[in-house]
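Protein sequence lines, in the order shown, are assigned to chains A and B.
Numbering-wise (my numbering), the first sequence opens with residue 1 and increments by one.
Numbering-wise (my numbering), the second sequence opens with residue 1001 and increments by one.
A short write-up of the structure that comes next.
Number of protein chains: 2
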Amino acid sequence: MSTATHNAEALAQKLADSGLRSTPQREVVYEVLLKKRDHPTADEVFARVKSGLPTISLATVYNCLETLVQCDLVRAVNFERGPTRYCPNLRPHAHFHDEQTGKTHDIDLPSELLEKVSSVLPAGYDAKSVEIIFRGKATKAAH
Amino acid sequence: MSTATHNAEALAQKLADSGLRSTPQREVVYEVLLKKRDHPTADEVFARVKSGLPTISLATVYNCLETLVQCDLVRAVNFERGPTRYCPNLRPHAHFHDEQTGKTHDIDLPSELLEKVSSVLPAGYDAKSVEIIFRGKATKAAH
DNA sequence: TTGCACCTTAGAACCATTCCAATTTGTTGA
DNA sequence: TCAACAAATTGGAATGGTTCTAAGGTGCAA
Ligand SMILES: [Mn+2]
Ligand SMILES: [Mn+2]
Ligand SMILES: [Zn+2]
Ligand SMILES: [Zn+2]
Chain A
1 MSTATHNAEA LAQKLADSGL RSTPQREVVY EVLLKKRDHP TADEVFARVK SGLPTISLAT
61 VYNCLETLVQ CDLVRAVNFE RGPTRYCPNL RPHAHFHDEQ TGKTHDIDLP SELLEKVSSV
121 LPAGYDAKSV EIIFRGKATK AAH
Chain B
1001 MSTATHNAEA LAQKLADSGL RSTPQREVVY EVLLKKRDHP TADEVFARVK SGLPTISLAT
1061 VYNCLETLVQ CDLVRAVNFE RGPTRYCPNL RPHAHFHDEQ TGKTHDIDLP SELLEKVSSV
1121 LPAGYDAKSV EIIFRGKATK AAH
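Listed below in structure tokens is the structure:
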């Protein structure tokens, strides 16, 4: 059994779990993501997919990507679609995006933790900044 | 000495450090950010600033915000301006954006570290996901 | 077979951001 | 003092990633 077939079946299973169909477009988009793992943009996926499926549309690529993300097969790296937000808090802190209210809260970070996080970088990676973003629900929301 | 005056002076100092001028627009934009720390968007800053400076333009608000970010007085929370990128790697990992090449690299994370990061959330914050993004230069870049 | 929900498609619309050319403002040193 | 130059602001147009919409296609289920 080829890898492509195997992937397609795993995909079909995951889609079925969510009550969704497997389609040629969804299969090819997923194959493209698995084949070259360089975090492509939707446009890049579109370009790659067209060689195997020349009639696919960009709208479908966006639809498929969203479907794959919802099935937990793919992760969207910068998935904040809204406008940039600005923060004058200069202490080391993370951000918590409340998906219900749309509000963004500061979460103080012990600088010791930031160091620990940065220490996971292999040699050769020189980070100028680290950004930590939580997403979820704030039940007893702070201010 | 009023708080506003003090802030304006601190701002002027920081701007001078970068060889930049203090202007009424920059002062008011900074005041607005300090006054209500709710991570406003550029549009929201624009709306708030207009009451004190009715002739300011949206382009200037963007310019001022960028200036404040560059002076390290303000942080841009979702400062990835480019298109969303997609990743089929399902293991827990962070992302490293190489600012030179524009490439995004996966950085494996010990799940123990992810737990430690999540444990900084105060009671009442229920996170569904955590995203960690490094930015910098990869000298001996992996693939 | 027919109905119907799901899916894809092309192109228009949207909207945050950036660009541009013109003007205003501030600084410098003749 | 003022001319020259640089820095900053302004309004509007352009950009570009993403989403929307309306129309057509596909495949399962009764
Ligand atoms: Mn945002
Ligand atoms: Mn991106
Ligand atoms: Zn913040
Ligand atoms: Zn990744």
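For glycine and all other residues, C-beta sits at the position ideal for the given N, C-alpha and C.
- Collapsing the DSSP output to three states places E1131 of chain B in a strand.
- Spatial neighbours of A4 of chain A in its own chain (CB-CB distance under 7 Å, excluding positions within 5 residues in sequence) are listed in chain order as E31.
- At a beta-carbon threshold of 8 Å, the residues of chain B lying near D38 of chain A are K1103, T1104, ordered along the chain.
- In the DSSP annotation of this structure, the continuous segment of the beta strand (DSSP E) that includes A94 of chain A starts and ends at 93-98.
- Only T1041, A1042, D1043, V1045 from the region 1041-1057 of chain B bring a Cβ to less than 8 Å from some Cβ of chain A.
- For R1135 of chain B, the distance from the CB to the nearest heavy atom of ligand 3 is not below 7 Å.
- The beta carbon of D106 of chain A lies closer than 6 Å to those of N89, H93 in the same chain, with the five residues before and after it left out.
- The Cβ of R26 of chain A sits no closer than 8 Å to any Cβ of chain B.
- Taking each of B:K1116, B:F1134, B:K1103 in turn and checking the Cα distance to D126 of chain A, the smallest one comes out for B:F1134.
- Distances from the CB of V1120 of chain B to the heavy atoms of ligand 3 are all 7 Å or more.
- Setting aside the 5 residues that flank it on each side, K1050 of chain B is surrounded in the same chain by I1056, each with a C-beta closer than 8 Å to its C-beta; the list follows chain order.
- Under the criterion of beta carbons closer than 8 Å, L15 of chain A and C71 of chain A qualify as touching, at roughly 6 Å.
- For H105 of chain A, the enclosing beta strand (DSSP E) stretches over residues 104-108.
- Our two residues, H6 of chain A and T101 of chain A, have alpha carbons roughly 41 Å apart in a direct line.
- Relative to ligand 4, even the nearest heavy atom lies 7 Å or more away from the CB of R1026 of chain B.
- Rounded to the nearest whole angstrom, the C-alpha separation of L53 of chain A and R1091 of chain B is 29 Å.
- In this structure, N63 of chain A has its CB at a distance of at least 7 Å from all heavy atoms of ligand 3.
- In the three-state scheme derived from DSSP, where H, G and I count as helix and E and B as strand, T3 of chain A is classed as helix.
- DSSP, read as helix, strand or coil, puts R1085 of chain B in strand.
- Across the set B:K1103, B:K1140, B:V1074, the C-alpha of B:V1074 shows the shortest separation from the C-alpha of A1042 of chain B.
- Where K1050 of chain B is concerned, the enclosing alpha helix (DSSP H) starts and stops at 1042-1052.
- Contacts with chain B at 8 Å (Cβ-Cβ) do not include R91 of chain A.
- Taking 8 Å as the cut-off between beta carbons, the residues of the region 1117-1128 of chain B near chain A are V1117, S1118, V1120, L1121, P1122, A1123, G1124, Y1125, D1126, A1127, K1128, in sequence order.
- Not one heavy atom of ligand 4 falls within 7 Å of the beta-carbon of H1097 of chain B.
- In this structure, L20 of chain A sits near T67 of chain A, with a CB-CB distance shorter than 8 Å.
- Taking C-beta separations shorter than 6 Å and ignoring five residues to either side along the sequence, the partners of F96 of chain A in its chain run H105, I107, F134, following chain order.
- Think of a sphere of 8 Å around the beta carbon of L1113 of chain B: the chain A residues whose beta carbon falls inside it are K116, V117, V120, in chain order.
- Judged by the Cβ position, C1087 of chain B qualifies as a neighbour of ligand 4 at the 7 Å threshold, a heavy atom of the ligand being closer than this.
- For L20 of chain A, none of the residues of chain B pass the 8 Å Cβ criterion, the least Cβ distance being about 17 Å.
- Distances from the alpha-carbon of L1109 of chain B to those of A:V117, A:I132, A:E112 put A:V117 closest.
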